[in-house]
Each structure stands twice: as C-alpha cells, then as structure tokens.
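Please read the structure below before turning to the comments.
Protein chains: 2
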Amino acid sequence: MKLVVMKFGGTSVGSIDKINNVANIVEKELNDKKLIVVLSAMSGVTNKMQEYIDEIESNEIIENDLILTSGEAVSVGLLSAILKKRNIKSIPLLGWQIPIITDSNYQKAKILNIDKNRIDQFLKNYDVIVVAGFQGVNIDGNITSLGRGGSDTTAVAVAAAVDADRCDIYTDVDGVYTTDPNLEPKAKKINKLAFEEMLEMSSTGAKVLHTRSVELAMKNNLTLQVLSSITKQSGTFVVDENKLIEKEIVSGVSYSNNESKLTLSGIADKPGISATIFGLLANNNINVDMIVQNTSQDGITANITFTVPNSEIHNAKKLIEENKKLIDFKSIETDTNISKISVIGMGMMSQSGVAKKMFTTLADNSINILAISTSEIKISVLIDKKFTKIAVKSLHDAYNLGSK
Amino acid sequence: MKLVVMKFGGTSVGSIDKINNVANIVEKELNDKKLIVVLSAMSGVTNKMQEYIDEIESNEIIENDLILTSGEAVSVGLLSAILKKRNIKSIPLLGWQIPIITDSNYQKAKILNIDKNRIDQFLKNYDVIVVAGFQGVNIDGNITSLGRGGSDTTAVAVAAAVDADRCDIYTDVDGVYTTDPNLEPKAKKINKLAFEEMLEMSSTGAKVLHTRSVELAMKNNLTLQVLSSITKQSGTFVVDENKLIEKEIVSGVSYSNNESKLTLSGIADKPGISATIFGLLANNNINVDMIVQNTSQDGITANITFTVPNSEIHNAKKLIEENKKLIDFKSIETDTNISKISVIGMGMMSQSGVAKKMFTTLADNSINILAISTSEIKISVLIDKKFTKIAVKSLHDAYNLGSK
C-alpha cells in the first residue's frame with residue numbers, strides 16, 4: 093500500500109476552520125493510501141511561548157525547548173479528533189511517543205534516529221498517524237526542538253525512515269516560483285526541480301523549504317512536493333536530478349538582502365593571510381559567504397572583500413580590528429546596503445554562456461557587480477541593494493523564465 | 093534532609109509576575125530542604141483547551157487528554173528557568189518523564205505508580221524538581237489527565253511515593269475555614285483538622301481540596317497544609333486524627349446546593365423495594381447521597397426521599413418513571429430548590445448533644461428539616477435553599493465557631 097507523508101505548517105492549522113480544511117485534504121488523499129501527517133503548532137502559539145521565554149530572559153536550554161514544543165500537542169490532538177469523528181482510524185503522537193531521537197543541541201537539535209518498527213506498528217493499527225513536528229527527545233529523556241522551520245525536517249526524516257513514496261509539504265504558496273512573485277508578477281510556478289537547485293534557492297533567498305529538510309530529502313532520494321493547502325492544485329516536485337528529463341538551463345532567479353559586505357584594503361600580499369582572516373572568523377562562528385580577493389594597483393598589497401550575515405557584521409568588524417596587527421591591513425570598510433542576486437539551474441553545467449548572459453544583462457542595466465561567486469549550478473553576484481528589483485526582473489526576462 | 097512537596101494551582105502561576113512570586117516562596121522554603129514543586133497550567137489555559145475540544149465536539153478520549161494536558165509544560169518550564177537564573181539547581185518534568193503511571197480512565201485517570209527511584213535520582217542531582225500536575229501516562233504510552241483539581245492529587249501521590257515530610261497545597265485562600273467566609277464573615281481559619289473532617293468538608297461543599305487527594309493523604313498518613321501563596325502565613329494542617337491533641341466537637345459548618353431531591357410516594361411497602369430503586373440508579377451511574385424512608389399514614393405504603401446531583405435529576409426521574417411497574421409507586425415529585433447543611437467534627441463521636449443542638453437551632457429559626465443523614469463525624473440536613481444563609485450563620489454561632 094502506498095504511504096505518503098504530508099506536512100502542514102502553523103498557518104495551515106491556525107484555527108479550527110483551517111484544521112477542518114486540513115482534515116478535508118487528508119480525507120481526500122487517504123483513499124488508497126496510508127498517511128503520516130506532520131503538523132506545526134497553531135500559528136502564533138510558538139511565538140507566544142518565545143515571548144514568555146524572552147520576558148524571563150531565560151537561557152535555560154532544557155526549559156526553553158520544553159516550553160517551545162508545548163503547542164504541537166494541541167494541533168495534532170485536534171486534527172486526530174476531527175479525523176476520528178469522520179470514522180478515519182487515526183492516532184496523535186508527540187515526538188517522544190514515537191520516539192524521534194535527537195542529539196542534545198537544544199533549540200536546533202538534529203534527528204539521530206526514528207524507530208521504523210514503532211511507526212510500522214502504528215500504521216498496522218491506524219490509517220493516519222498525526223505526528224507533532226519540530227520536536228524530539230534526547231538520550232536524557234528531555235524534549236528538544238529542531239529550530240524554526242523544523243517541522244519540514246520532521247516530515248522528511250519520518251518519510252525517509254519509513255521509506256515513504258512521497259513527502260508533501262503544504263504551505264501558503266502553491267509551489268516554488270522562478271522568482272519572488274511579489275517582485276516579478278510574471279514569475280511562474282516550477283513543476284519540477286532538482287534537490288541541488290532547491291538547496292541553492294533556499295540558501296539564496298527563496299524561503300519555501302527549510303534547508304536542512306532538502307538536504308535530508310536529497311540524501312535519502314525522497315521526492316518532495318511543495319503545494320498549497322488552499323488551491324489544492326499540484327505543486328512543485330523536488331526530485332533527484334536523474335528524474336529530470338529536461339534540465340532547464342536556468343530554473344530560477346533568487347535574491348537575498350540578508351548579508352553585508354566587508355572590504356579590507358592594503359593587506360600585505362603574502363601567503364596565508366586569507367587563512368588567518370577566515371580562520372579567525374570561523375573560530376568565532378561567523379559564517380562567511382562570498383569572498384573576492386584581488387591585488388591592488390600598487391602590485392604589493394591586496395584587497396579582500398567578503399560577506400557575512402547582517403547580524404554578524406558588527407562582530408566581524410570588531411574582531412578584525414582587534415587583530416589589526418596580526419592581519420596587517422590598512423583600512424576596513426563595511427557596506428550593509430547590498431543585495432545578492434543568484435541565477436540557478438542544473439543545465440548550467442553543460443551549457444556555456446549562462447554567466448556571460450548574466451553579466452551582459454546587468455551591464456545593459458548599468459548595474460555594477462561588486463563580487464561574484466559561482467558553483468556548478470549557480471552564479472551569484474553582489475550588487476547595490478537599490479538595483480535588486482531591476483536586476484531580478486531583467487534576468488528573469490533574459491533567461492525567458494516568465495509565463496508567456 | 094527534609095523533603096517537602098509544594099503545589100501551586102493555576103491562579104498562582106497565571107502570569108510571569110505570579111510565577112516569580114512562586115519562585116520567591118520556593119527559594120525561601122528551600123533553605124534546609126529538598127523540594128518537589130507541582131504546578132497546574134497557567135490559569136485560563138486548560139479552559140481554552142476545553143473550548144477547542146467543545147468546538148470540534150470531540151469525544152475522543154486520547155486526543156482530549158493530549159490537548160488538555162498541554163499547558164503544564166509552559167508553567168513548569170517557566171518556573172524551573174526562573175529558579176535556575178537564581179542559581180537554584182532545578183529540573184522541569186512532565187508526567188511521562190517521571191513517569192507517573194495511571195490507569196486508562198482518560199479524563200479522570202487514577203495514579204497507579206510513581207517511580208520512587210527515578211525521583212530519588214533527580215533529587216540527588218537537583219535541589220528542586222518541578223513537576224507537571226494533572227497528568228500522567230498509561231500503559232499504552234498515551235497521556236492521561238486526572239480530572240479537574242487533579243494537580244492536588246499529583247502532589248499528594250508524589251509526596252506519598254517519596255515519603256515526603258509534608259505536602260503544602262498553596263491556593264488563593266489562607267486555609268480551611270469554619271464555614272464559607274463569604275456567607276459568614278465571622279468564619280475563622282482552622283489550624284488543624286483530621287483527614288476525615290477534611291473529607292467531609294470537601295464532599296459537603298468546601299471546595300478547598302480535591303477529595304481524591306485527601307483520601308490519598310489519609311491512606312498514606314501524609315500531613316497536608318492548605319495555605320495562601322499571597323499572605324505567606326501558616327495555613328490549615330490536615331493530619332491524622334491521632335495527631336489532634338484537642339478534638340473540637342464541631343470543626344466546621346458546610347453547605348452544598350449541588351443536589352436535588354426526589355420523593356416517591358405510595359410505594360408498596362414490601363422487602364426489596366429499596367434495593368430495586370437504588371440498584372437501578374447505581375446501574376445507571378447516578379450517585380445517590382441522602383436517603384430517607386418512612387411509612388405513610390395508611391400503614392400500608394411507604395414514601396422514599398433521596399438526593400442526586402443536580403445534573404442527574406432529569407435522568408433519575410426519567411429512569412424511575414420508565415420503571416414505574418417494577419417499582420410500583422403512586423407518584424414522583426422533584427425539588428431542586430434545596431440545600432444540604434452539614435456540621436462536621438471529630439469530637440462528635442464521644443460527645444452527645446451535638447445533633448440535638450443542631451435540630452434545636454434550626455427549629456428556633458423556623459427552618460424545616462426535609463431529611464437527615466449522619467455519620468460518626470457529620471450530621472447533614474436537607475432544608476429549603478432560601479434558609480441556607482440563616483442556617484449556616486446560626487449553627488456557626490451555636491457551636492461557638494466564630495472568631496471572638
């Protein structure tokens with residue numbers, strides 16, 4: 093018998109009416125299958141819990157996770173009760189009841205193991221099992237949370253553990269788009285996408301899926317579907333690249349305003365200086381994304397430009413200034429007014445000219461490129477934030493991504 | 093080292109301010125002891141959950157208990173975090189984490205076992221353990237609730253399991269009173285009370301303690317203290333009767349408006365008829381409290397008067413009418429406009445004249461007695477509801493219970 097995992101986020105279960113709507117979708121899907129339904133807490137509940145934690149200024153990891161994970165009991169209880177009233181054999185389960193075993197990195201725990209036998213047992217007795225997302229239990233018997241967006245990860249991990257046919261992630265958009273439809277109304281829903289593309293899209297700004305859940309799906313070669321709990325149309329399938337018959341050269345254009353730029357000028361151009369700088373940042377848990385190094389016109393010193401998350405820009409600057417002697421640079425400059433634009437597609441690997449088209453398009457629109465980074469399936473450029481919209485729209489046009 | 097169990101209800105943990113106040117009390121008490129603190133959910137939370145359940149008209153016992161018990165995670169998490177911030181070694185624990193094993197009577201589960209070794213282990217590592225009241229886990233691994241007021245029972249059961257020195261029940265009144273102070277301002281706080289007296293008071297209207305928790309304390313000879321989380325004065329101790337040096341003849345006067353009266357007239361006065369009537373009611377789970385039978389003036393037929401909870405009066409009447417042939421009576425009459433007044437005291441056993449004083453006092457106030465029932469330490473009478481206040485006040489005076 094077919095087995096599908098379905099995940100619904102907080103807004104999809106934000107009221108009794110909405111939970112009834114989820115029950116409709118579950119009932120319709122059930123038909124010829126067994127289902128595992130993963131739910132977040134009702135929207136607003138986890139935020140309310142975070143407010144309590146902030147109010148008492150608690151840094152207590154065990155207590156915070158216990159409080160943060162209290163809301164899912166309500167959503168899974170309500171959905172399961174509604175399903176039972178419709179004569180569907182259903183059971184609600186919290187993380188510890190399965191159990192979903194995690195490590196002890198409270199607030200961002202990683203799932204270590206899910207007991208397949210226990211789930212199989214439940215699937216023998218019930219047609220639908222309703223699982224609390226976002227939560228697990230560690231070896232000490234304490235409740236852990238997987239971090240914001242963690243319910244996606246729960247769904248994929250459960251689907252992988254039971255070797256489900258598919259994992260459907262229901263959300264408030266009807267799939268993954270070629271770019272942000274709020275910025276470019278011509279943006280088009282993508283029907284099929286490779287895991288790698290989805291990963292690049294998530295990490296470059298498209299907030300549809302939790303990055304960790306995509307990695308996990310890729311590792312387990314588990315087909316994901318991102319779809320809407322409102323429109324009920326088929327969504328975007330995220331699949332192994334081998335399942336993509338026709339690889340689009342470019343699948344989408346994404347942008348991110350989450351990073352800031354640092355430039356160090358007048359660095360003594362000697363071996364090991366990059367290792368010093370980025371070693372220092374890494375040791376202080378500051379993630380560096382794009383790095384560009386070039387020799388300055390004097391031929392002796394170099395400039396290094398790199399980006400860090402906005403939240404880390406002050407820490408990064410302070411850290412480097414504190415180590416001015418060690419690094420030996422002349423001046424430091426920061427710029428928070430930047431945007432990263434990325435063009436993503438599996439087809440790039442075999443197709444030349446993608447980068448050229450990107451740079452030409454930006455040049456045609458008089459947009460200056462501040463930095464470039466590339467991977468096999470992605471080209472990212474850093475530009476002035478004020479050009480974000482025009483850059484995205486013109487690239488979207490240049491690669492013919494829009495609806496005709 | 094001394095070990096005390098403290099229980100705080102929903103109103104005592106109804107806000108961060110109030111939880112901070114609980115932390116103050118815990119910190120002060122800790123001093124030379126280890127503590128187990130049992131908490132209810134923040135006030136209003138469990139009611140909100142019940143509203144959800146009512147809204148979806150759920151009769152699903154597993155789901156309802158899962159939903160109803162979701163709130164305690166928040167209160168225990170918050171208190172434990174606050175204690176830790178004050179450098180007190182504390183750990184929060186839900187019912188399943190101890191575990192508190194219950195039977196499977198969802199919504200009103202009975203505690204079967206509490207793992208003393210596990211609690212001892214926690215007490216070795218922590219000075220305070222903060223336990224979620226009202227909840228347990230059954231043999232199937234499902235969460236169960238103990239029924240409204242169940243946190244009292246959790247506290248007493250945990251205290252009994254670990255052989256605690258005392259169990260303090262914090263509430264919004266500063267102890268058990270000789271009668272309802274809202275009705276009789278002269279009512280006085282009782283310093284010491286026997287378990288049996290507390291039981292009679294609970295079951296005859298004084299809503300200070302959950303009846304089941306008193307039974308459990310009595311069975312385990314565990315001293316209870318009922319006290320206020322606001323005034324911080326010593327409260328009412330509920331103890332084994334052997335610890336009462338001076339037994340008050342009458343300890344208190346209580347009243348209850350929760351029952352209604354049925355009278356069957358013209359019953360054929362033959363053996364076994366009472367067994368038929370009350371067997372019928374018992375088989376239909378209708379609790380009967382007071383029963384009075386007397387032969388009518390014709391010397392052939394009898395009248396039977398008895399009381400049932402208000403919520404059951406219609407069911408009881410219907411049931412008896414459906415079995416009119418079997419019971420063989422002439423007419424049935426119901427009266428919902430009654431009040432039960434009880435005079436309670438361990439001293440009654442050895443002291444005559446208590447009943448006489450009660451009847452005389454009521455007669456002096458022209459209050460007609462509709463029925464009487466007695467136990468070794470209690471006399472209850474049924475009267476017209478409109479005389480409740482005057483009956484309570486005059487009896488309170490007659491037995492010299494008021495503050496001088």
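Protein sequence lines, in the order shown, are assigned to chains X and Y. Residues 93 to 496 (the working numbering) are what the first sequence spells out, left to right. Residues 93 to 496 (the working numbering) are what the second sequence spells out, left to right. Ideal Cβ positions, reconstructed from N, Cα and C, are used throughout, including at glycine. Computed from a prediction, not measured in an experiment: that's the story for all the values here.
Distance check between Gly136(Y) and each of Leu122(Y), Glu119(Y), Gly101(Y) and Leu170(Y) places Gly101(Y) closest, using alpha-carbon atoms only. Contact with chain Y is found for Ile174(X), since one of that chain's Cβ atoms lies less than 8 Å from the residue's Cβ. Between Asp195(Y) and Leu204(Y), the gap from beta carbon to beta carbon is short of 8 Å.
With respect to chain X, the C-beta atom of Ser486(Y) has no partner C-beta closer than 8 Å. The segment 220 to 239 of chain X makes contact with the segment 148 to 157 of chain X; the number of CB pairs closer than 8 Å reaches 3 or more. For Ala165(X), the closest Cβ of chain Y is nearer than 8 Å. Judged by DSSP secondary structure, Glu425(Y) falls within the beta strand (DSSP E) whose first and last residues are Ser423 to Asp427. Judged by DSSP secondary structure, Met98(Y) falls within the beta strand (DSSP E) whose first and last residues are Lys94 to Phe100.
Take the alpha-carbon of Ile183(Y) and the one of Ala251(Y): they are about 17 Å apart. For Ile378(Y), the secondary structure class from DSSP, reduced to helix, strand or coil, is coil.
When Cβ pairs closer than 8 Å are counted between the two stretches, the segment 408 to 426 of chain Y is seen to touch the segment 355 to 363 of chain Y, the count reaching three or more. Where Lys120(Y) is concerned, the enclosing alpha helix (DSSP H) starts and stops at Ile108 to Leu122.
Gln189(X) belongs to the set of residues whose beta carbon lies under 8 Å from a beta carbon in chain Y. Leu122(Y) is positioned such that its CB atom lies closer than 8 Å to that of Val220(Y). By the 16-neighbour rule on beta-carbons within 10 angstroms, Ile174(X) is buried. Contact residues of the segment 223 to 243 of chain Y toward chain X are Gly233 (C-beta to C-beta distance below 7 Å). Shown here, Thr296(Y) sits in coil according to DSSP, grouped into three states, outside any helix or strand.
Beta-bridge analysis with DSSP links Leu316(X) to Cys259(X) and Val330(X). By a beta-carbon distance limit of 8 Å, Val330(Y) does not contact Val345(Y). Their separation comes to about 18 Å.
The beta carbon of Ser172(Y) lies closer than 7 Å to those of Ser182, Ile183, Pro184 and Val222 in the same chain, with the five residues before and after it left out. Looking only at Phe370(X), Ile482(X) and Ile211(X), the smallest Cα-Cα distance to Val129(X) is reached by Ile211(X).
Within the segment 425 to 443 of chain X, no residue has its Cβ closer than 9 Å to any Cβ of chain Y.
Classified as exposed, Ile231(X) has fewer than 16 neighbouring CB atoms from the shown chains inside 10 Å of its CB. For Tyr144(X), the nearest CB of chain Y lies under 8 Å from its own CB, placing it at the interface with that chain. Excluding its 5 nearest sequence neighbours in each direction, Met134(Y) has C-beta neighbours in its own chain below 6 Å: Val105, Gly106 and Ser167, listed in chain order. Secondary structure at Gln227(Y): strand, using DSSP grouped into helix, strand and coil. For Lys177(X), the closest of Ser343(Y), Ser150(Y), Gly169(Y) and Lys200(Y) by C-alpha to C-alpha distance is Ser150(Y). Taking C-beta atoms as the reference points, Leu454(X) and Ile430(X) fail to come closer than 8 Å.
For Gln199(X), the secondary structure class from DSSP, reduced to helix, strand or coil, is coil.
Under the DSSP assignment, Val137(Y) falls in the alpha helix (DSSP H) whose first and last residues are Val137 to Glu147.
Lys432(Y) is not a Cβ neighbour of Tyr491(Y), given a cutoff of 8 Å. Excluding residues up to 5 positions away in sequence, Ser352 and Lys353 lie with their Cβ nearer than 7 Å to the Cβ of Asp427(Y) in the same chain.
For the segment 361 to 380 of chain X, the set of positions with a beta-carbon nearer than 8 Å to some beta-carbon of chain Y is empty. Closest in C-alpha terms to Thr399(X), from the list Ala447(X), Glu425(X) and Asn375(X), comes Glu425(X). Residues Leu204 and Asn205 of the same chain have their beta carbon placed closer than 6 Å to that of Ile193(X), with the five preceding and five following residues left out of the count.
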